[in-house]
Amino acid sequence: MKQMKKITWITWCLGLVLIASGFAIDALVADDVRGTYWNAEKTAHIRIYRAKNDKYYGKVEHLVEPNNADGTPKKDIENPDSKLRSRNREGMVIMNSFEWNKDENKWEDGTIYDPSNGKTYDGYMYFEGGNKSVLKLRGYVMGMTWLGRTSAWERIK
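The working numbering puts the sequence shown at residues 433 to 589.
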């Protein structure tokens with residue numbers, strides 16, 4: 433009888449540990465995207481972070497060439513909003529409001545701003561095949577995921 437209680441107790445504890453570790457894994461997976469990446473063109477470092485609203489954002493942390501030929505900082509000159517054209521490209525938040533979808537293992541429902549053309553795209557991002565050193569970003573228009581382009585960003589840290 434004592435042996436049976438011990439086995440039941442051990443089984444119960446192992447089950448509890450497995451359940452708890454499952455929750456911990458889900459919590460960690462959402463934050464796996466956090467870090468700093470080279471953009472596809474290797475012209476900028478983008479830092480992806482989680483904000484207080486539990487959504488993910490990307491900020492230009494470093495530009496390889498932050499200044500124009502005349503030495504002035506590069507600005508957001510292609511922005512359709514004339515009030516924003518004077519802001520520096522370095523330091524800009526270019527990725528907004530991505531949400532983790534644990535069922536599909538991707539961050540979705542966000543937007544990606546491309547300062548080279550001033551356009552904002554709907555987007556999602558994911559790691560392909562469990563490779564967390566390369567982040568794939570898909571930007572698309574008019575809600576049609578097939579009408580867009582995918583780029584690969586290499587993790588720096």
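For every residue, glycine included, the Cβ atom is placed at its ideal position computed from N, Cα and C. Note that the structure is a prediction, hence the values are computed from the model and not measured.
Nearest-angstrom Cα separation, counted from residue j out to residue i
i, j, result
"residue 457", "residue 533", "Because the pLDDT of residue 457 is 42, which lies under 50, any placement of that residue in the model is unreliable, and the question is left without a value."
"residue 471", "residue 555", "15 angstroms"
"residue 461", "residue 574", "29 angstroms"
"residue 453", "residue 463", "Any reading at residue 453 needs caution, since the residue's pLDDT is 41, under 50, leaving its predicted position unreliable; the model's value is listed next. Approximately 16 angstroms, taken between the alpha carbons."
"residue 526", "residue 502", "25 angstroms"
"residue 419", "residue 487", "The chain is shown from 433 up to 589; residue 419 falls before or after that span and cannot be answered."
"residue 577", "residue 538", "14 angstroms"
"residue 490", "residue 572", "17 angstroms"
"residue 580", "residue 545", "13 angstroms"
"residue 528", "residue 484", "13 angstroms"
"residue 536", "residue 517", "37 angstroms"
"residue 473", "residue 508", "18 angstroms"
"residue 504", "residue 514", "19 angstroms"
"residue 547", "residue 582", "17 angstroms"
"residue 520", "residue 500", "11 angstroms"
Whole-number beta carbon distance between residue j and residue i, since they are thought to touch under 8 angstroms
i, j, result
"residue 466", "residue 478", "Not a contact, Cβ separation roughly 12 angstroms."
"residue 512", "residue 506", "The Cβ separation is near 17 angstroms, so there is no contact."
"residue 524", "residue 566", "Not confirmed; about 23 angstroms, so no contact."
"residue 468", "residue 589", "5 angstroms"
Burial state of residue i, where buried means 16 or more other Cβ atoms lie within 10 Å
i, result
"residue 584", "exposed"
"residue 561", "exposed"
"residue 569", "buried"
"residue 476", "buried"
"residue 496", "exposed"
"residue 455", "Any reading at residue 455 is ruled out, since the residue's pLDDT is 44, under 50, leaving its predicted position unreliable."
Residue i vs residue j beta-carbon contact at 8 angstroms
i, j, result
"residue 494", "residue 522", "yes"
"residue 543", "residue 553", "yes"
"residue 563", "residue 510", "no"
Would you mind listing the beta strand (DSSP E) stretches within the stretch 456-491 that are 3+ residues and don't spill past its ends, in chain order? 467-470, 476-482
In chain order, each beta strand (DSSP E) run of at least 3 residues that lies wholly inside the stretch 548-572: 551-559
Segments assigned alpha helix (DSSP H), at least 4 residues, entirely inside the stretch 483-536: none
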